[in-house]
Amino acid sequence: MLYLKHISNDKELFLGSYFDEKRPLTVIEISHIVSSIQTNLIAKDLILGFAQTAPSQEIQAFLLKGREQVQQHIESLSQPLMVENIPVTMKWDYGVEKSSVPPFSEKLMMFHLAAMITENVRGYGLAMSTSPRLDLALN
Numbered sequence: 064m065l066y067l068k069h070i071s072n073d074k075e076l077f078l079g080s081y082f083d084e085k086r087p088l089t090v091i092e093i094s095h096i097v098s099s100i101q102t103n104l105i106a107k108d109l110i111l112g113f114a115q116t117a118p119s120q121e122i123q124a125f126l127l128k129g130r131e132q133v134q135q136h137i138e139s140l141s142q143p144l145m146v147e148n149i150p151v152t153m154k155w156d157y158g159v160e161k162s163s164v165p166p167f168s169e170k171l172m173m174f175h176l177a178a179m180i181t182e183n184v185r186g187y188g189l190a191m192s193t194s195p196r197l198d199l200a201l202n
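Residue numbers (our numbering): 64 to 202.
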């Protein structure tokens with residue numbers, strides 16, 4: 064495992080800091096980042112499918128705003144991988160069909176998305192608890 068030398072007193076720091084050079088990602092950190100990206104990609108596609116079939120304009124606007132936020136999460140999570148020259152997982156939105164017939168009620172769609180968000184937050188918490196690198200917790 065690579066360690067960073069602290070500039071001021073030559074102490075080895077596995078945690079690194081917010082400002083100094085960062086150590087390479089561990090396999091566990093990479094797996095949590097990729098898992099979070101994949102969960103967000105699924106959520107993004109699900110939101111797109113729900114948004115195009117939701118009868119209410121208010122729900123559609125809410126879902127599309129959520130889709131933009133999910134895209135920001137994906138970009139933020141992809142950044143550490145790109146810095147390390149690790150390939151970022153492939154996008155999955157090619158399978159979303161253009162349909163306007165709602166498969167579920169709006170309540171069920173919103174409940175399902177709330178469950179996805181809860182799972183995402185759980186995944187973020189798990190990833191933060193297993194990653195000693197300080198800058199990753201900010202993402």
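Note that CB positions come from ideal geometry on N, CA and C, so glycine has one too.
Classify residue i as buried or exposed, calling it buried when 16 or more other Cβ atoms lie within 10 Å of its own Cβ.
i, result
"Asn103", "buried"
"Glu92", "buried"
"Arg185", "exposed"
"Phe167", "exposed"
"Gly112", "buried"
"Ser194", "buried"
"Val164", "exposed"
"Val90", "exposed"
Pick helix, strand or coil for residue i, following the three-state DSSP scheme.
i, result
"Met179", "helix"
"Lys161", "coil"
"Leu88", "coil"
"Thr193", "helix"
"Ser139", "helix"
"Lys154", "coil"
"Phe125", "helix"
"Leu201", "helix"
"Phe167", "coil"
"Ile149", "coil"
"Ile70", "Bear in mind that the predicted position of Ile70 carries a pLDDT of just 45, short of 50, making it unreliable; the figure below should be weighed with that in mind. Coil."
"Ser119", "coil"
Report the residue from the options whose alpha carbon sits nearest the alpha carbon of residue i.
i, options, result
"Arg130", "Ile105, Ser119, Glu182 and Ser141", "Ile105"
"Asp108", "Gly188, Leu199 and Met179", "Met179"
"Arg86", "Gln134, Gln132, Ser94 and Val146", "Val146"
"Met172", "Ile122, Ser94 and Gln101", "Ile122"
Flag this pair as yes or no: are the beta carbons of residue i and residue j separated by less than 8 Å?
i, j, result
"Gln115", "Ser192", "no"
"Ser119", "Ala190", "no"
"Glu169", "Ala124", "no"
"Pro143", "Ile96", "yes"
"Leu126", "Ile110", "yes"
"Thr152", "Gln101", "yes"
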